[in-house]
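Undergrad: Residue numbers (my numbering), protein chains in the order written: chain A, 766 to 1505; chain B, 677 to 1193.
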Amino acid sequence: MPSGTATHCPYCALQCAMTLSPAAVPGAGFPAGDIPTPASPAVPATPLLEVAGREFPTNRGGLCRKGWTSAALLGHAGRVTEPLLKGSDGVHQPIGWDQALMLVAAAVKDSWARHGHDSVGVFGSGGLTNEKAYQLGKFARLALRTSRIDYNGRFCMSSAAAAGNRAFGVDRGLPFPVEDLDSASVILLLGSNVAETMPPFVQHLQGARDAGGLIVVDPRRSATAAFTGNGGGIHLQPLPGTDLALILGISHVVVHEGLADAAFLEERTKGHKAVLRSLTAFWPERVQSITGVPATLIRETARRLARSARLAKDEGQGGCYILSGRGVEQHVDGTDTATAAINLSLLLGLPGSARSGYGTLTGQGNGQGGREHGQKADQLPGYRKITDPAARAHMAKVWGVDESLIPGAGLPAVEFLKSLGQPDGVRCLFVHGANVAVSAPDAGAVIAGLRSLDFLVVCDFFMSETAAEADLVLPVAQWAEEEGTMTNLEGRVIRRRRALTPPPGVRTELWLMSRLAELLDAPSTFSDDPRTVFEELRLASAGGLADYSGIDYDMLDAGEAAYWPYPSGSKGTPRLFADGFAHADRRAAMVAVTPSRRAQRSFPGDSLALATGRLLEHYQSGAQTRRVAELSASQPEARLQLHPETAARRGIVDGGLVTVSNERGEVQVRAEVNTAIRPDTVFLPFHFPGAGSANRLTEAATDPISGMPEFKTSRVLVKAVRAEPALAAAAVSSHRKEES
Amino acid sequence: MSERIVVVGFGPVAARLVEGLLPAVRRGSVSLMVLGQEAEAAYNRVMVAEFGVGRSTAEALAMADAAELIAEGVDVRLGVTVKRVDRARQRVVLSDGTAEGYERLVFATGARPVIPNLTGINPDPAHPVLPAGVTALRDLNDAGMLLRAVTARQRVVVLGGGVLGLETALAAAEEGAQTTVVHSGPHPMGRNIDRGGGAVLNAALRSAGVSVVSNAVSTAVEHNGPDGIFSALVLDDGSRVEGDLLLLSCGVRPRIELAEGCGLPVAAGILVDHRLRTHHEPHMFAIGDCAEVRCASSGCPDCKGATAPSGLVGPGWRQAEWLAGYLEALAEDGQEAADSLPELAKEQPGVVVLKARGINLAVAGDNSAEPWDDMLCPSPDGLPHREVAQWADPGHGRYVKMTTRGGVLQGLVSVGMPRTAAELVVLFERGSELPADRSLLLRLDGTDQPAGANNDPARTVCRCAGVSGAAIEESVASGCASVPEVSKATRAGTGCGGCHDDIKAIIEKHFQGAVAA
């Protein structure tokens, strides 16, 4: 039995298992840093804990760079360790907790009195533990008495969740354990760059790569797409915004070449006839003209998928999986694109079969649990709808309150953020575990919104870009300082354990909610003990879609693999859909979808399509990873990826400064010139603030169903700050020379 | 108050219009009737050949379901024809003798195949009586004839070297029929493709198992088969092309008789303006293969050089989508609101992508110019200079020609280079500027990958943990002799494990060096 604390990584939804032990030799180990801004010299510090990978089915002992260096933030010098109040001079000064809590309670009451209950808002996060996410939803509705609560998962999983709910009646990212992928002979990865975002996951693609069956859909030759080289599979490079048409083209071939699983469609789905008809118009050559993907590759992809699905079903060999990621979901038609992927999987008869399936790869650490228990504007715990009278009655009973005290549905994140400081909008805002000043679309407008608030409270452990705007910053515990549960990308509930006592001035968010509820005379109870909150969550989720009622801390501590739904008295559900889907008729609902004009628009003239995305070294807004010296040294700043042709035409050299601009804003970054991207597209990671903030350029346009913003096809102009005239002259075509 | 709309015809374009009008039908603002001549509701005619060679099913071709539409409140009549349109009384007279009134009428009557004037074939284009063993492959019945021939591995003769003829010939050959294409001119697709592309196409067709008879003028159809069935196509030089089935693929002609019969102005198609309204009758419309967009204004720049209907389905679908929005606005928001909607956008010249498995071919625009044609001539009307770039590798069946003005494609030909074709078509349709180095577009089908194996010691070997080759070599030099040992010392290989082979190679190299020394 190894010494140390068995827990999981603080970052992504793979939740790699790790062991934290006290640093054996002070000063040894890898450098941790306390550089609040990039590019300043790294100051090695002594990490308080040592990190080691731990054997677990998801990561098999592996960790990526982010995980290995995660302990560097625990003793970080830049940490907020006391409540900080912004003075009239704009400088934050430490105050005591009693005063801080009184100020918050007064601000809430003042906002209530002047603007009504809905003038107070809460913005949560997919990084919070289940206990915190659950209690935050309850806190908003019962203590703050507001309907205005939503969270950053809206920028992440909302399209996949909406599509999953519509088709299957339930939304669990992977409806099967991740090891199931190991035996697959074909895996279709739609818009997911796991080699950067969750590297240890790549182990589960090895079987498909060995079989030559890894098929990656990505406009860029991403690190993941590169795995398809050397016989590993196929890389399909659709034009940005045309993923939906590509999926329809693949589906068309499946139907027209008689490769669909007719018996499955007949017995286990509804609406398939309308879907089949809608596919008729998407023959491969037409799809080629829309997407730029050759018809031959579209056919080949369809046949490979069908062959592997058939072999898995008939011979019990291999398997066929379709996995979607943010690349196809973060669009104004993201829900429809995810629906098209689900339809394809249903045509092939994958969901609910023994060796095949469909799933979406959840991003944030608790992106799964965080979207189940009431942080969403329209939701109550257990993945219940807040508008459903039965769900409201159930929650009123669990909470011991009158049902009329539970507000109705609020606003999804983008609308929520647009309402900041507006006359009927949110005037007093709580932010928990999110950094909207960097991560939200049209970040410039969001920052202006934050500044127009009457009162902003941010709970964080660092002075994030959002915290910097706050009237009051409340320091909270980090991952290794708290107990709780997380639900990983497979819907498996796991334990986060405490390895360290937080610094003296730091509190947990549960404690904070509990004290504030008291000051606001809230009904019901607000415990500051995670185990007690989880026991309440069990009751709250009982009978809901995401039912945790059969799970407890002792069982998890004994090592049981607990997948929801786990009703009390059951053994949990590692694999969903074997006996039916979660609709009343047990059938999967197929909905015909077509591409929207907007998602496919092209940009004439000099403008380019900007896609935003991630780097291996950084997580989300970078509030944490930019403060880790090793990660920051490796990727200190945002770089704009562009094609050599695009660069040369504009006199841009590799490493040269460029401006990227549109009607919403402008950023200035260095260029990274390579051929892994199309000439009409540029890529910018969104982990950075200020002059390098990609989200200053993204538009707050959203999917009509999920509220997901469009992050992947913003129109931008790119210019060299100091152009290399010789380069540009050589690049323009001869007719231009004649004109000049 | 609901507005009565009658759609004449129920092909793929009409299906799209009906689908677009469904929301208004559900709201009760539109009362919709669709009249289809065939017994089936709309299906995708573009894929009839696929069905004809047994690659698809009639069910998979369906684009509408009559029963479902009826359940939604649409009045669907199948197997009826419209005998005439009574403009004065605003009603259509049907083949069963009944009449139906309309407030708005949409012609979606499509097109019919051109039947060439050959001895042995009734020349009346409106009522052709084709001999046994001869078909024009327009509907599902025709496709059934082809299917029987292909299944029996018979000889199929295709008359016509257009895109549909080639697609059918290639599909039939791939599915086992012996196929011959007979066409005029030196190579098939003579209207679209240039000489170089045509030569490469000819060779590709032959290697795909399709016989090609070029420069042919056919004069007669011989039917000396059993029961007088088709036996050979006779050419003007007296030669005979023998076969068991003759497919006529000589183009299509818009079906305009109904419109013409009620006095509406027509040219090749029914003339409509930029709101798809027939001339002088703003409550009558035409879409798809039967419609010719050419407004009554003589000075209209968009209509200058307008041509007959393209016969492609894409423009028809765009018209159907636009008209659905316009009709909905008319019914729900009134004339003024509807007329404030933007007019139908001008169609770009069509792109032809051959639907075939063995041959990759894309053609669009004007490809008549050769690379040196315009080198010394001034451009007309101050237009940017026309430039032609070309790549020919007939030995490997590859050919590309890009004709540009101001860097934007005016024409393209691509044979045997799928990724180049896909990219060029996208650039053509979007009107995007080509890279100045045109050869970039030729390398997309190449096997070369961005920078392969790299022995630079500073290069990152383990991306997950960010460990360089140099760091791994150092750990090996200081005693690590296995991947786990290197992992423990450097963290390399502790993420996805994808670099284990590279680490092994570094270890082996080190110890080989040690032995050699």
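Built from N, CA and C at the ideal position, the CB exists for glycine as well.
#1: List, in chain order, every chain B residue whose beta-carbon is nearer than 7 angstroms to that of Asp1445/A.
#2: Taking the alpha-carbon of Val876/B as reference, which of Val1064/B, Leu697/B and Val1076/B has the nearest alpha-carbon?
#3: For the alpha helix (DSSP H) containing Trp1067/B, list its first residue and its last residue.
#4: Is DSSP giving Thr770/A helix, strand or coil here?
#5: Please report whether the beta-carbon of Lys759/B lies at a distance below 8 angstroms from any beta-carbon of chain A.
#6: Would you give the residue range spanned by the alpha helix (DSSP H) that Phe1220/A belongs to?
#7: Run the CB neighbour count on Phe1271/B, radius 10 Å, all protein chains shown included, and call it buried at 16 or more, exposed below.
#8: Nearest chain A C-beta to Thr895/B closer than 8 angstroms, yes or no?
#9: Quick check: is the beta carbon of Pro1126/B nearer than 8 angstroms to any beta carbon in chain A?
#10: On the three-state DSSP scale, how would you describe Ile914/A?
#11: Anything in chain E within Cβ reach of Thr1061/A, meaning under 8 angstroms, just list it in chain order.
#12: Note down, in chain order, every chain B residue with its Cβ under 7 angstroms from the Cβ of Ala988/A.
#13: Output yes if chain B places a C-beta closer than 8 angstroms to the C-beta of Pro1360/A; else output no.
#14: Could you check where the beta strand (DSSP E) with Val885/A kicks off and where it finishes?
#15: Run through DSSP, which three-state label would Ile1012/A get?
#16: Out of Pro930/B, Gly904/B and Leu911/B, which has the shortest C-alpha to C-alpha gap to Leu921/B?
#17: If you measure beta-carbon to beta-carbon, which residues of the region 1030-1062 of chain A are closer than 9 angstroms to chain B?
#18: Where do the ends of the alpha helix (DSSP H) carrying Asn878/B lie?
#19: Is the beta carbon of Leu711/B less than 8 angstroms from the beta carbon of Arg753/B?
#20: Between the Cα of Asp1317/A and the Cα atoms of Glu896/A, Ala837/A, Val869/A and Trp862/A, which residue gives the shortest distance?
#21: Suppose you measure from the CA of Ala1142/A to the CA of Glu1184/B; what does that come to, to the nearest Å?
#22: How long is the line joining the alpha carbons of Gly987/B and Ala784/B, rounded to whole angstroms?
#23: Please report whether the beta-carbon of Asp965/B lies at a distance below 8 angstroms from any beta-carbon of chain A.
#24: Scan the region 1038-1123 of chain B and note each continuous alpha helix (DSSP H) run of 4 residues or more that stays entirely inside, going in chain order.
#25: Rounded to the nearest angstrom, how far is the Cβ of Arg1120/A from that of Gly1083/A, given a contact under 8 angstroms?
#26: Check whether the Cβ atoms of Ala935/B and Ala962/B sit closer than 8 angstroms, and answer yes or no.
#27: Taking its Cβ as the centre, do 16 or more other Cβ atoms sit within 10 Å of Thr983/B, making it buried, or is it exposed?
#28: For Pro1111/B, go through chain A and note every residue whose CB falls closer than 7 angstroms to its CB, in chain order.
#29: Could you tell me the distance, in whole angstroms, from the CA atom of Met1251/A to the CA atom of Gly1128/A?
#30: Would you say Ser732/B reaches chain A, if we count a Cβ-Cβ gap shorter than 8 angstroms as a contact?
#31: If you draw a straight line from the C-alpha of His899/B to the C-alpha of Pro789/B, how long is it?
#32: Where Arg867/B and Asp1050/B are concerned, what is the direct C-alpha to C-alpha distance, given to the nearest angstrom?
#33: Looking only at C-alpha atoms, which of Thr795/B, Arg953/B, Gly852/B and Trp993/B sits nearest to Gly696/B?
#34: Does the Cβ-Cβ distance between Tyr1148/A and Glu1137/A come in under 8 angstroms?
#35: Could you check if Leu828/A is buried or exposed, using at least 16 other CB atoms within 10 Å of its CB as the buried criterion?
#36: Quick one: is Val1241/A near chain B, going by C-beta distance under 8 angstroms?
TA: Result, derived from the coordinates:
#1: As a working mapping, residue 1445/A is identified with position 680 in the first sequence. Here the neighbours are Ser1108.
#2: On the second sequence, position 200 is the one that residue 876/B refers to. Nearest option by C-alpha distance: Val1076/B.
#3: By 1-based counting over the second sequence, the position of residue 1067/B is 391. First-last for Trp1067/B: Arg1062 to Asp1069, but that is the beta strand (DSSP E), not the alpha helix (DSSP H).
#4: Sequence index remark: in the first sequence, residue 770/A carries index 5 (1-based). Here DSSP, grouped into helix, strand and coil, assigns Thr770/A to strand.
#5: Walking along the second sequence from the start, residue 759/B turns up at place 83. So no, Lys759/B is outside the interface.
#6: Start at 1 with the first residue of the first sequence, and residue 1220/A comes out as number 455. Phe1220/A: not part of any alpha helix (DSSP H); member of the beta strand (DSSP E) spanning Phe1220 to Asp1225, first to last residue.
#7: The shown model of chain B, from 677 to 1193, leaves out residue 1271/B, and the question about it has no answer.
#8: In the second sequence, the residue the question calls residue 895/B occupies position 219. No, its Cβ sits nowhere closer than 8 angstroms to a Cβ of chain A.
#9: Along the second sequence, one-based indexing puts residue 1126/B at 450. Model confidence at Pro1126/B stands at a pLDDT of 46, short of 50, so the residue's coordinates are unreliable and nothing is read from them.
#10: Residue mapping note: residue 914/A aligns to position 149 of the first sequence, counting from 1. Strand.
#11: No chain E is part of this structure, whose protein chains are labelled A and B.
#12: Mapped onto the first sequence, residue 988/A falls at position 223. Arg1139, listed in chain order.
#13: Along the first sequence, read from residue 1 onward, the residue named residue 1360/A stands at position 595. Chain B contact via Cβ: absent.
#14: Position 120 of the first sequence, counting from 1, holds the residue named residue 885/A. Unbroken beta strand (DSSP E) run through Val885/A: Val885 to Gly889.
#15: Numbered from its first residue, the first sequence carries residue 1012/A at position 247. It is helical.
#16: Within the second sequence, residue 921/B is the residue found at index 245, counting from 1. The residue with the shortest Cα to Cα distance from Leu921/B is Gly904/B.
#17: Those residues of the region 1030-1062 of chain A that come within reach of chain B (Cβ to Cβ, closer than 9 angstroms) are Lys1038, Ala1039, Leu1041, Arg1042, Ser1043, Leu1044, Thr1045, Ala1046, Trp1048, Pro1049, Glu1050, Arg1051, Gln1053, Ser1054, Ile1055, Thr1056, Gly1057, Val1058, Pro1059, Ala1060, Thr1061 and Leu1062.
#18: For this step, residue 878/B is matched to residue 202 along the second sequence. Per DSSP, the continuous alpha helix (DSSP H) segment holding Asn878/B begins and ends at Arg871 to Ser883.
#19: Sequence index remark: in the second sequence, residue 711/B carries index 35 (1-based). Sequence index remark: in the second sequence, residue 753/B carries index 77 (1-based). The answer is yes: Cβ separation under 8 angstroms.
#20: The count along the first sequence starts at 1 and reaches residue 1317/A at position 552. Here the closest residue by C-alpha is Glu896/A.
#21: In the first sequence, the residue the question calls residue 1142/A occupies position 377. In the second sequence, the residue the question calls residue 1184/B occupies position 508. About 58 angstroms.
#22: What you label residue 987/B is simply residue 311 of the second sequence in a count that begins at 1. What you label residue 784/B is simply residue 108 of the second sequence in a count that begins at 1. Those two C-alpha atoms are separated by around 13 angstroms.
#23: Counted from its first residue, the second sequence places residue 965/B at position 289. Judged by the 8 angstroms Cβ criterion, Asp965/B is not in contact with chain A.
#24: Counting whole runs of 4 or more residues, the region 1038-1123 of chain B contains the alpha helix (DSSP H) stretches 1094-1106.
#25: Counting from 1 along the first sequence, the entry for residue 1120/A is found at position 355. Counting from 1 along the first sequence, the entry for residue 1083/A is found at position 318. About 7 angstroms separates the Cβ atoms of Arg1120/A and Gly1083/A, confirming a contact at the 8 angstroms cut-off.
#26: Walking along the second sequence from the start, residue 935/B turns up at place 259. Walking along the second sequence from the start, residue 962/B turns up at place 286. It is a contact, given that the beta carbons lie within the stated cut-off.
#27: By one-based count along the second sequence, residue 983/B stands at place 307. Thr983/B comes out exposed.
#28: The residue given as residue 1111/B occupies position 435 in the second sequence. Those are Glu1410 and Pro1444, listed as they occur along chain A.
#29: For the purposes of this step, residue 1251/A is identified with residue 486 of the first sequence, where counting begins at 1. For the purposes of this step, residue 1128/A is identified with residue 363 of the first sequence, where counting begins at 1. Rounded to the nearest whole angstrom, the CA to CA distance from Met1251/A to Gly1128/A is 13 angstroms.
#30: In the second sequence, counting from the first residue as 1, residue 732/B sits at position 56. Cβ-Cβ to chain A under 8 angstroms: yes for Ser732/B.
#31: In the second sequence, the residue the question calls residue 899/B occupies position 223. In the second sequence, the residue the question calls residue 789/B occupies position 113. If you take the alpha carbons of His899/B and Pro789/B, they lie about 21 angstroms apart.
#32: The residue given as residue 867/B occupies position 191 in the second sequence. The residue given as residue 1050/B occupies position 374 in the second sequence. If you take the alpha carbons of Arg867/B and Asp1050/B, they lie about 22 angstroms apart.
#33: As a position in the second sequence, residue 696/B is number 20, starting the count at 1. Selected option, being the one with the closest Cα: Trp993/B.
#34: Working through the first sequence from its first residue, we reach residue 1148/A at position 383. Working through the first sequence from its first residue, we reach residue 1137/A at position 372. Taking 8 angstroms as the Cβ cut-off, Tyr1148/A and Glu1137/A qualify as a contacting pair.
#35: Reading the first sequence from its first residue, position 63 is the one you call residue 828/A. That one is buried.
#36: As a first step, residue 1241/A is located in the first sequence; it is residue number 476 there, counting from the start. The beta carbon of Val1241/A sits no closer than 8 angstroms to any beta carbon of chain B.
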